[in-house]
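Heads up: the structure comes next, in structure tokens.
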């Protein structure tokens, strides 16, 4: 069992939540998703939260979720794609855990991202996905302690992340 949290970072559509849930279940770790936590606390979906309160309020709630999660026993935490853009969130993750980048090629993200579920990308279409990817990828890579490539299918990424958790954390 890890002695620190495992934070999953990466672009929307890279597989953080689906991989995190599956690997947490396989390894016996608790799992949390900051986007789901924020939405649940407000009693709505992430899209509805953005529409009602805006991105600034969402980002503050996201930071609060991270702080709350750090008080729990070590777990796997899937973060929203924009979480790393806040320096305070980067500090929290660095202080309380290990950071794993789920790195999926932009071309694969573009082929199956559901824009209607992504409030920060919805209005700009695929061009916005590409712009945001290029804006964030350097931050993701510089922050990550370890990178897990998600370019050979879901099952390979599950295997790789599971092995990593069992052997290195």
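Residue numbers (the working numbering): 3 to 171.
From the three backbone atoms N, C-alpha and C, an ideal C-beta is built for every residue, glycine too.
Since the model is a prediction, treat every value here as computed from it, not as a measurement.
TODO: Enumerate in chain order the residues of its own chain whose CB-to-CB distance from residue 92 is below 7 Å, with the five nearest sequence positions on each side excluded.
DONE: Annotation for residue 92: 86, 145 place their beta carbon closer than 7 Å to its own, counting only its chain and skipping 5 residues before and after.
Open item on the list: Quick check: the stretch 68 to 84 against the stretch 33 to 47, are at least 3 beta-carbon pairs closer than 8 Å?
Closed with: Taking one beta carbon from each stretch, the stretch 33 to 47 and the stretch 68 to 84 have 3 or more pairs nearer than 8 Å; the two touch.
Task: Integer-rounded CB distance, given that residue 12 should sit under 8 Å from residue 99 - done: Contact doesn't hold; Cβ gap of about 15 Å is too wide.
Task: DSSP-derived helix/strand/coil call for residue 39 - done: Of the three classes helix, strand and coil, the one that applies to residue 39 here is helix, per DSSP.
- [ ] Please report how far the alpha carbon of residue 149 lies from the alpha carbon of residue 58, in whole angstroms.
- [x] Pairing residue 149 with residue 58, the inter-Cα distance amounts to about 29 Å.
- [ ] Would you check if the distance between the CB atom of residue 103 and the CB atom of residue 143 is smaller than 8 Å?
- [x] For residue 103 and residue 143, yes; Cβs fall inside 8 Å.
TODO: Assign residue 70 to buried or exposed, taking buried as 16 or more other Cβ atoms, counted over all protein chains shown, within 10 Å of its Cβ.
DONE: Under this definition residue 70 is an exposed residue.
Task: Cβ-based burial, residue 29 [other Cβ within 10 Å; buried from 16] - done: Residue 29 should be labelled buried.
Task: Cβ-based burial, residue 63 [other Cβ within 10 Å; buried from 16] - done: In this structure residue 63 is buried. Its beta-carbon is surrounded by 16 or more other beta-carbon atoms within 10 angstroms.
Task: Any beta strand (DSSP E) of 3 or more consecutive residues that is wholly inside the stretch 60 to 113 - done: Look at the stretch 60 to 113 and you find these whole runs of beta strand (DSSP E), each 3 residues long or longer: 78 to 80, 99 to 105.
- [ ] Go ahead and pull the three-state DSSP assignment for residue 26.
- [x] It is helical.
- [ ] Would you mind sorting residue 156 into buried or exposed? The rule is 16 or more other CB atoms within 10 Å of its CB.
- [x] By the C-beta density criterion, residue 156 is exposed, having fewer than 16 other C-beta atoms within 10 angstroms.
Task: Counted within 10 angstroms of its Cβ, other Cβ atoms place residue 56 as buried (16 or more) or exposed - done: Residue 56 comes out exposed.
Open item on the list: Do residue 139 and residue 9 have their beta-carbon atoms positioned less than 8 Å apart in this structure?
Closed with: In this structure, residue 139 does not lie closer than 8 Å to residue 9 by Cβ.
Task: Three-state secondary structure (DSSP) of residue 2 - done: Because residue 2 is not part of the residues shown, which for the chain are 3 to 171, the question remains open.
TODO: Please state whether DSSP places residue 9 in a helix, a strand or coil.
DONE: Three-state DSSP puts residue 9 in a strand.
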